[in-house]
Amino acid sequence: MKRSYRTRFERDENPISEGGKWLNGKKDGIDWADVITKDGEAYGSVTRMAVSEKRPEQATLGAGGAEGSLPEGDYDDPTAVLTGDWGRNQHVKARVFSRKPTNEYFQEVEIRLRSTIKPHWCSGYEVFWRCLKTDEGYAEIVRWNGKVGDFTSLKKLIGAEFGVQDGDEVEASIVGNHIRGVVNGREVISATDDVYPSGAPGIGFNFFVGNTNVDHGFTYFEVETDDD
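Residue 837 in the numbering used here sits at position 67 of the sequence shown, with consecutive numbering throughout.
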């Protein structure tokens, strides 16, 4: 299915709708948080802030759990995915804004691929970057398995070259089972997975960032899909 969509988030909305074109993590999924648009920016709403993130992939960043332990945290990421049917091959571009980057929180900008939101369910693929250009920056690809907190990390790379900053253009795509993440035209991460053959594109942001939720997000989003 050839289908495309572009937005500069020109409406002030909580949560994002743009005329019924988006589903949101809390409004529609219940267990996650919503995405807000204001003054041409899209960012996550404030999350529960009950349990912070701890998982093996974050061990070198000071947030690792015990060896062999399951991830800890709320994982109620603010999430929004487009409504309707989309082609299985998906290519998303988005422009990052980032103010006051900090290593106090894991501020992330996230692109969703082949995703589904319904009550108590959020599945699909997510390509994301930390908004930090230091050795603690990172890029990661994960598969969300449906229930809140249930996800599988497919690939994670840590270092300044994998973080993003204000003005960067990020891209995420999936063709067949191949998932790619690109920053300013350069591929920085990739992975393969066969679980989800279809779903919708979208955006998201990390949980547990306190009131810095307004300091990072997107100013532009576009997606093109097909089934070729």
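C-beta atoms are modelled at their ideal positions from N, C-alpha and C, and glycine is treated no differently.
Within the model, the alpha-carbon separation for residue 974 versus residue 808 is close to 15 Å. Residue 828 sits in a helix when the DSSP states are folded into three classes.
Under DSSP, the beta-bridge partners assigned to residue 892 are 887, 916. Every beta strand (DSSP E) of 3 residues or more that sits fully in the region 835-871 is shown, in chain order, as 849-852, 859-868.
In the three-state scheme derived from DSSP, where H, G and I count as helix and E and B as strand, residue 816 is classed as coil.
Your pair residue 991 and residue 829 does not check out as a contact, with CB atoms roughly 32 Å apart and the cut at 8 Å. Burial is judged here by how many other beta carbons sit within 10 angstroms of a residue's own beta carbon; residue 947 has fewer than 16 and is exposed. In the assembly as shown, residue 781 is an exposed residue. Its beta-carbon has fewer than 16 other beta-carbons within 10 Å. Taking all protein chains shown into account, residue 799 has 16 or more neighbouring C-beta atoms within 10 Å of its C-beta and is therefore buried. Here residue 884 is buried: its Cβ has 16 or more other Cβ atoms, across all protein chains shown, within 10 Å.
When DSSP reads this structure, residue 903 sits in no beta bridge, so it has no partner.
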